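Numbering that gives the first Met the number 0 puts the sequence shown at residues 0 to 86.
Glycine residues also receive a C-beta, built at the ideal position from the N, C-alpha and C atoms.
Bear in mind the structure is a predicted one, so any value in this text is a computation, not a measurement.
Structure first, commentary second.
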Amino acid sequence: MKISVWDTYVQREDGRRMHFDILVPDHQKDEKIVFGFGMEYLKSKSVEISELTTEECRFCHIEQATDEIAEHIAKKGYDILEMENCD
Numbered sequence: 000m001k002i003s004v005w006d007t008y009v010q011r012e013d014g015r016r017m018h019f020d021i022l023v024p025d026h027q028k029d030e031k032i033v034f035g036f037g038m039e040y041l042k043s044k045s046v047e048i049s050e051l052t053t054e055e056c057r058f059c060h061i062e063q064a065t066d067e068i069a070e071h072i073a074k075k076g077y078d079i080l081e082m083e084n085c086d
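Written out as structure tokens, the structure reads:
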């Protein structure tokens, strides 16, 4: 499965900057849907921001998904790769 990687940076209330990738099927090109996935993830981490925009989240590249990532995407439509300050 080919996936699109959306590079995302969000400023947290504690001053740290979160960095994570939103992973979606490569045919998913609707920014609003991708941003919605990001907001869902942030809510699960109790990080509140008013919205995600192209300022925080941008398409980066397409790559081949691992089996584990493909499984997560098949279940919920997306996956998250936590990079920095996502605790």
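Within 10 angstroms of the beta-carbon of Cys59 lie fewer than 16 other beta-carbons, which makes it exposed. Between the stretch 66 to 76 and the stretch 13 to 20 there are fewer than three inter-stretch CB-CB distances shorter than 8 angstroms, so the stretches are not counted as touching. Within the stretch 20 to 67, the complete alpha helix (DSSP H) segments of 4 residues or longer fall at 30 to 43, listed in chain order. Among the bridge pairs identified by DSSP, Lys75 is matched with none.
Here the C-alpha atom of Met0 lies approximately 22 angstroms from the C-alpha atom of Cys56.
For Tyr40, same chain residues with a beta-carbon under 6 angstroms away, outside a window of 5 residues either side, are Ile79 in chain order. Burial is judged here by how many other beta carbons sit within 10 angstroms of a residue's own beta carbon; Ile32 has fewer than 16 and is exposed.
In terms of Cβ geometry, His18 and Glu67 do not form a close pair [threshold 8 angstroms].
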